[in-house]
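Chemist:
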Amino acid sequence: MKCAGNHWSRNCPKPRETPAICFHCKGNHTANYYGCPKNPLNIKSFPTAPANAWSDPAVLAKIKETPKSDYNLKPTTQGIKPKYNQFKYFALEWKPDVIAIQATHLNHGDKLKLVNYTTYRTDRLTHRGGGTASLIRNSIDHYPNPIASDSFKNTIIAIILLNSQHITISSIDSPPRGIISTDELKRIFNSNNKCIEVGDFNAKNSAWSLGRRNQNENIINDYICSNNLNLLASHEPTHFPHNSNNPSTLDNGILKNFSSGDATSLNELCSDHNQVSFGIDINANIPAIIKTLKTTN
1 MKCAGNHWSR NCPKPRETPA ICFHCKGNHT ANYYGCPKNP LNIKSFPTAP
51 ANAWSDPAVL AKIKETPKSD YNLKPTTQGI KPKYNQFKYF ALEWKPDVIA
101 IQATHLNHGD KLKLVNYTTY RTDRLTHRGG GTASLIRNSI DHYPNPIASD
151 SFKNTIIAII LLNSQHITIS SIDSPPRGII STDELKRIFN SNNKCIEVGD
201 FNAKNSAWSL GRRNQNENII NDYICSNNLN LLASHEPTHF PHNSNNPSTL
251 DNGILKNFSS GDATSLNELC SDHNQVSFGI DINANIPAII KTLKTTN
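Each residue of the sequence shown is one higher than the one before, counting from 1 in full-length UniProt numbering.
1. Just to confirm my understanding: we take Tyr120, look at its own chain, exclude 5 residues before and 5 after, and list those with CB closer than 7 Å. What are they?
2. On the three-pair Cβ rule with 8 Å, is the segment 165-173 touching the segment 214-224?
3. In or out: Leu231 buried (at least 16 other Cβ within 10 Å) or exposed?
4. What are the residues that DSSP puts in a beta bridge with Gln102?
5. By the 10 Å Cβ neighbour count, where 16 or more other Cβ atoms means buried, how is Ala263 classified, buried or exposed?
6. So for Pro82, helix, strand or coil by DSSP?
7. Out of curiosity, what's the CA-to-CA distance linking Pro75 and Ile188?
8. According to the neighbour-count rule (16 or more other Cβ atoms, all chains shown, within 10 Å of its Cβ), is Ile286 buried or exposed?
9. Report the residue ranges of all alpha helix (DSSP H) runs contained in full by the UniProt domain "Endonuclease/exonuclease/phosphatase" (180-276); include only those spanning at least 4 residues, in chain order.
10. Would Ser139 be called buried (16 or more neighbouring beta carbons within 10 Å of its own) or exposed?
11. Measuring alpha carbon to alpha carbon, tell me which of Asn243, Asn202, Glu197 and Asp183 ends up nearest Arg177.
12. What's the gap between the Cα of Asn72 and the Cα of His242?
13. Mind checking which residues open and close the beta strand (DSSP E) that includes Lys153?
14. Would you report the Cα separation of Val276 and Cys36, rounded to the nearest angstrom?
15. Report buried or exposed for His239, applying the criterion of at least 16 other Cβ atoms within 10 angstroms of its Cβ.
16. Would you say His273 and Asp200 are within 8 Å of each other, going by their C-beta atoms?
17. Thr168 lies in the beta strand (DSSP E); which residues open and close that run?
18. Could you work out which residue in Asp150, Leu125, Lys26 and Gln102 is closest to Glu197 when comparing CA atoms only?
19. Over what stretch of residues does the beta strand (DSSP E) that includes Thr122 continue unbroken?
20. Based on the DSSP output, what are the partners of Tyr143 in its beta bridges?
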């Protein structure tokens with residue numbers, strides 16, 4: 001509309017050089033201008049509310065229906081692949097130096113990569129399931145340090161400090177009904193003067209976990225006590241099984257020749273296991289070198 005007069009635009013005598021006049025609001029623009037406050041396209045209409053809706057039995061029954069479960073939001077036990085994007089953003093946010101993963105469920109052809117990290121994996125060779133991985137920042141001097149074990153899966157690396165001291169870091173995953181071998185634990189802890197083992201030991205003890213005690217609890221507890229090791233356990237549970245309301249603390253850390261550290265249970269990924277953040281002072285004699293180790297299942 002050029003002038004809001006009672007004629008077609010093509011018959012309007014108004015010169016093109018002069019501003020148009022909106023038919024809707026009489027503003028200096030054409031009627032089809034999207035910014036016009038009275039343009040019908042900018043006016044939202046809503047259906048009229050039904051009369052006496054709150055007294056309608058059909059409406060009330062619909063409101064009181066139990067919401068359907070969203071199966072996509074349920075914690076998954078299918079390994080790292082279904083939640084890789086969550087894991088990637090988790091790593092970007094928390095910026096751990098080392099990441100230990102259990103129950104990766106990866107086949108040989110599957111990829112597990114993070115920018116600025118080097119990945120080491122121990123996949124189950126027979127079929128998908130189980131498996132462990134360790135990811136470490138490229139800026140940290142390190143090397144892979146594989147040590148065979150049959151009673152649990154492990155992926156082991158060693159970092160090299162500025163004073164040339166080596167520290168073994170292990171990602172451990174014991175199966176639910178597996179019995180941990182003390183000889184295999186000993187091989188790992190004897191690999192260096194300082195060692196850090198983190199992961200799912202599937203060991204329950206009243207000192208660090210709720211739930212019924214099991215055989216691995218006795219093995220781990222006795223080994224720690226007899227070898228002067230330190231246990232790092234979160235104050236909050238780390239495992240929330242789908243089929244029961246009995247959470248427990250299965251994901252812990254065991255330290256050799258470290259005097260301080262802490263563990264925090266985090267609910268950052270969609271999993272039946274919480275992620276656990278371990279903060280460990282790896283060498284009090286070297287100022288400002290404090291590494292943070294995080295593990296996720």
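Cβ atoms here follow ideal geometry from the backbone N, Cα and C, with glycine treated the same way. As the structure is a computational prediction, the values presented were derived from the model and not from experiment.
Modeler: Walking through what the data contain:
1. For the purposes of this step, residue 120 is identified with residue 120 of the sequence shown, where counting begins at 1. For Tyr120, where only same-chain residues beyond five positions count, the Cβ hits under 7 Å are Ala133, Ser134, Pro144, Thr155 and Ile157.
2. no
3. One-based indexing of the sequence shown puts residue 231 at position 231. Leu231 is buried by the Cβ-count criterion.
4. Within the sequence shown, the letter at position 102 stands for residue 102. In the DSSP output, where bridge partners are listed per residue, Gln102 has Thr132.
5. Residue mapping note: residue 263 aligns to position 263 of the sequence shown, counting from 1. So Ala263 ends up on the buried side.
6. Here the question's residue 82 lines up with position 82 in the sequence shown. In this structure, Pro82 counts as helix in the three-state DSSP scheme.
7. Sequence index remark: in the sequence shown, residue 75 carries index 75 (1-based). Sequence index remark: in the sequence shown, residue 188 carries index 188 (1-based). Caution applies to Pro75, whose pLDDT of 44 falls short of 50 and renders its modelled position unreliable; the value that the coordinates give is listed next. C-alpha separation (whole angstroms): 32 Å.
8. Stepping through the sequence shown from its first residue, residue 286 is reached at position 286. Note that Ile286 has pLDDT 34, beneath the 50 cutoff, so the model's placement of it is unreliable and the number below is only indicative. Classification for Ile286: exposed.
9. 182-189 and 215-226
10. For the purposes of this step, residue 139 is taken as residue 139 along the sequence shown, with counting starting at 1. Under this definition Ser139 is an exposed residue.
11. Working through the sequence shown from its first residue, we reach residue 177 at position 177. Taking only the C-alpha atoms, the option nearest Arg177 is Asn202.
12. The count along the sequence shown starts at 1 and reaches residue 72 at position 72. The count along the sequence shown starts at 1 and reaches residue 242 at position 242. The predicted model places Asn72 with a pLDDT of 38, which falls under 50 and marks its position as unreliable; any figure quoted below should be read in that light. About 14 Å.
13. Position 153 of the sequence shown, counting from 1, holds the residue named residue 153. Here the beta strand (DSSP E) through Lys153 covers Lys153 to Ile160.
14. Stepping through the sequence shown from its first residue, residue 276 is reached at position 276. Stepping through the sequence shown from its first residue, residue 36 is reached at position 36. About 55 Å.
15. Position 239 of the sequence shown holds residue 239. Result: buried.
16. Position 273 of the sequence shown, counting from 1, holds the residue named residue 273. Position 200 of the sequence shown, counting from 1, holds the residue named residue 200. Yes.
17. Translated into the one-based positions of the sequence shown, residue 168 becomes position 168. Here the beta strand (DSSP E) through Thr168 covers His166 to Asp173.
18. Counted from its first residue, the sequence shown places residue 197 at position 197. Closest option to Glu197, Cα to Cα, is Gln102.
19. Position 122 of the sequence shown holds residue 122. Unbroken beta strand (DSSP E) run through Thr122: Tyr117 to Thr122.
20. Along the sequence shown, read from residue 1 onward, the residue named residue 143 stands at position 143. Note: Tyr143 sits in a beta bridge opposite Ala158.
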